[in-house]
Structure formats: structure tokens, C-alpha cells
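In my numbering, the protein residues as written are -19 to 450. In this text, a Cβ means the ideal position worked out from N, Cα and C, and glycines have one as well.
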Ligand code: ADP
Ligand code: GLC
């Protein structure tokens, strides 16, 4: 069985968030379990593509309505990844120094059409087309409805929803960009009078997964307008918790961190990483270090940070270090009170993969007060690095973090993304820092198994359930 993953991101090639980590790991672990998997993704103008060599497998012309665009299918010259990646190079649309922008309809439509056009030319390349998020959401529809892809009618498609907040909406005025289909079925594209690629995929894909069981349940109540549709399609939906790539996220071998460590050398290892962070960001290494890494958006609760940090830092009992970027007003506010709390608070506004690894290693606690968290990988990286997560009890956070107050608990959970809940949770963390059990918990959480093996097997079971159709 061969699985084709279609995605806008894939680590280490192009990463904006957790989608990249998942698509960069799942195919590898599927391959290990004997299920041949590859990825098709856009070719961007970024550090990775500029520093590697590629060969051209195919040159063609795709059509968005009547407009032709030249495209190429590229492959890495050397096999440096543990799975094949095929790149769709549409110089005019996709080859940009960013992954996402505010004007992506044509870009990702071109990606999806070129990918299907090329797959059509390959004999037996794929048994299941696995789409990730709305950027690839029109693929199940086109496989089922577009005349030119009629030969894909019996090829199963799977959609994984990494985040239902973003749906890729565009106007019916652009319907002519989609390869010709029986117009009687245009309703499959529609959700509340606009074309909604995520909704179209939920309707047309043979199976729907999302990245944790709790998020799957939550989506039935709250899915940014798609809840009724998900209720209706629930029989084909399943929550499968993401894993983490333990080759990349490994304290013994991580080349980004200041000092490597194991469960045996945890204290010295974390201390060295914390010292580097405190020296670099002018923080107090004698006090607990609470960190946040992520996108500064409403979903992550980041609009609450200015008030939360102000309240907490006034007590002068901990450090706070933040790595992230996003909402400009929040960025501005978070930078603004740096002077007020010099020596205890700092921010790095931007994206820095290396720094993120050092923070997971050197922080004492990782803060994740998300309002929406389909899975969340940060808390699992934190656990692996002996850093205690402080999380709002929702989505994947609920499925992966057990509060200290329950038997075998190891994290700090709060009920709801409010300033008072988050402040209480941080105060619990500050008190726990001095607790005799603190080091034991740091040690224990490093051994929790969140590797991909179980989750990859769950995907294989799902692919196998489609087998009668293969
Ligand atoms: P999401 O995909 O919603 O952003 P996840 O928790 O699934 O959240 O994954 C986020 C991923 O992106 C993690 O690998 C995290 O370390 C990384 N990340 C987020 N923001 C930054 C940043 N500013 N710099 C470096 N890595 C970041
Ligand atoms: C999305 C979600 C995040 C999840 C990631 C990978 O970006 O916001 O919770 O961990 O996808 O599935």
C-alpha cells in the first residue's frame, strides 16, 4: 500500500507550525511500519530549497480556468530524508519566501491541480491520497467530481484536520478555476454561500481524522461554523493523537541545545541550558523560568499575556521568556513592558527553531493557555525535555497532560483561558518549583512515550479499513 500525503508544510523543508512537524514525521514512521509513504508539497523560495539540489521529474502546464501556468515536479537530488518528497514548482504562484499570505486561493488551487495532474500520469504511484488541512481540501472533491480526474473515483481520500479555524473560504465567482465538473454537484463545494475547501473535503473525503480524540469531540460543538457538518459526517470521523519525532526531539542528540542530557544527567543538562537562556536574555537563573513558544494569535490565548505577565511579574517570583510572533498589537504590548521588568522578563519576537529547542531544554515550565488546541506538540516536546507544562484543559492538551493533583499527575492544568485561571496556574507552578517532588516529576515526564509508533499504527488501521475499495 502506498500513501500520498499532500501538504503545504513539511519539516525540515518549510515550517510555520505543527503541521510541518507532523507531515515531516508521519511518513517516516509509516515507512518504518512497512507502509510506503511520500509527500507532495509546494516548492517555496526558502533556506531549504536554496541550499539543496533538485532534479526535474516532469514539466507541464496546469490551468486555472483558462489561464495556463507552467509547472515542474522536482525531487531532491540526494536522499537526505527518510521518505520521498515531490515538489510542485509553479514559479509564478508558489515560489515565494513565505508559505501563507492573505491571497492564497490561486496558489493552493494551482498546487492541488498540478499535484493531481501529475499523479494522473503516474502508474500505480498511490493507493490513498491523504490531505492535510484546507490547503489541500479541494483534492477529495476534484478526485470525485472533476471529469479529468475520473480515474481517481475509486482511490480513497483521507482528510486530516489539523486546525478547523482556517477553512480557505473563497467566492463562488472563482468556481471556474476548478477543473470542470458536473455543476449539479456544486453544492459539495459550498458552505454558507461561499466555497469552503475544508467543508468540501469533509463532505467528499472517505475518512476524516483530526489530531486528538478530544478535539474531535469538541468540533461537534464548536468548529468555526462547521459543527453541523461534522455532526452529520461523524460516522467517518476519528481522532488520532499526533506523536512526536523522537529522532528530532531527543535531549541526548539534539544538536541545537547547549548541553545534551538524559534522565540520568537531567539536572546538569537543564541547568546549563537555563543558564544560557538567563545569560542571553538577562534573566534570574535562581528563579523558575516559565516560557511560551508559539503563534501570538487568539487561539493560543496570547491576547491575555500582557495582563497575565503584568500581574505575575509584579510579584517578582519567576522569569518569563516568550518566543513567538503574530498579532502586531500583542507583539507591541509584549515588548513594551520589557523595561519595567528587566532581569525577569524578555521576548524574542520572530521564528527561531534553534532557540525553541534551547527553551524546551532550559525552561522549568511551558505555558500553553490555548483557547483552541487541536493537538499541540509543544507540550509533548516540553515533557520529553523535562519541562512541566501549564495548560488549559482542552483539545490535545487535555489528552496529554494530567494535573499534579490526580494520581500519577505531572502537569498543571487550568479550566478556561482567563487571566485569573492562568495566573492561578502560574502561581501553582511557582510554588511547585520549591517542592521536593519537582525534580522527580521532571525526570518522570521525560520517560512518557509520545513517539509516533502507536499513532502511525492507528493511521495504518484506518488505511486498511479502506482496503476493500482498493
Ligand atoms: P501550531 O501548529 O498550532 O502552531 P503546535 O503546538 O502543533 O502548534 O506546533 C507548533 C510548532 O511550531 C512547534 O514545533 C513549535 O516549537 C514551533 N514554533 C512555534 N512558534 C515558533 C517560533 N516562534 N520559533 C520557533 N518555533 C516555533
Ligand atoms: C495545528 C494545530 C495544533 C496541532 C498541529 C499539528 O496547527 O493548531 O494544535 O498540534 O496542527 O497537528
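- Inter-residue distance for residue 326 and residue 334 is about 17 Å (C-alpha atoms, whole angstroms).
- Among the bridge pairs identified by DSSP, residue 171 is matched with 174.
- In the structure shown, residue 48 falls within a strand segment according to DSSP collapsed to helix, strand and coil.
- Separation of the CB atoms of residue 439 and residue 118 is rounded to 22 Å, and the pair is thereby denied contact status at 8 Å.
- Taking 9 Å as the cut-off, the Cβ atoms of residue 271 and residue 112 do not count as close.
- When C-alpha distances from residue 54 are compared across 256, 115, 123 and 19, the shortest belongs to 19.
- Per DSSP, reduced to three states, the secondary structure at residue 191 is coil, with no helix or strand assignment.
- For residue 255, the enclosing alpha helix (DSSP H) covers residues 246 to 261.
- Taking 8 Å as the cut-off, one finds no heavy atom of the ligand ADP near enough to the beta carbon of residue 368.
- Rounded to the nearest angstrom, the gap between the Cα atoms of residue 306 and residue -3 is 12 Å.
- A distance criterion of 8 Å places the beta-carbon of residue 326 beyond contact range of the ligand GLC, judged by its closest non-hydrogen atom.
- Distances from the CB of residue -4 to the heavy atoms of the ligand ADP include at least one below 8 Å.
- Unbroken alpha helix (DSSP H) runs of no fewer than 4 residues, entirely contained in the stretch 69 to 101, are found at 85 to 101, following chain order.
- Each residue's CA atom was taken as its position, placing residue 48 and residue 16 some 33 Å apart.
- Taking a C-beta distance under 9 Å as the contact criterion, residue 273 and residue 304 qualify as a contact pair.
- Excluding the 5 residues flanking it on each side, residue 279 has same chain C-beta neighbours closer than 7 Å at 145, 350, 351 and 352, in chain order.
- With a cut-off of 8 Å, the C-beta of residue 330 is classified as near the ligand ADP, since at least one heavy atom of the ligand falls inside that distance.
- Annotated as distal: residue 91 and residue 29, with beta-carbon spacing of 9 Å or more.
- The beta carbons of residue 432 and residue 9 sit closer together than 9 Å.
- It is roughly 25 Å from the alpha-carbon of residue 239 to the alpha-carbon of residue 356.
- Distance from the Cα of residue 150 is smallest, within the candidate group 429, 177 and 406, for 177.
- DSSP places residue 408 inside the alpha helix (DSSP H), whose first and last residues are 399 to 413.
- Here residue 38 has 52, 53, 98 and 101 as same chain residues with Cβ atoms under 8 Å from its own Cβ, once five neighbours each way along the sequence are excluded.
- Spanning the alpha carbons of residue 21 and residue -5 requires a straight line of approximately 12 Å.
- Look at residue 355: its beta carbon is less than 8 Å from one of the heavy atoms in the ligand GLC.
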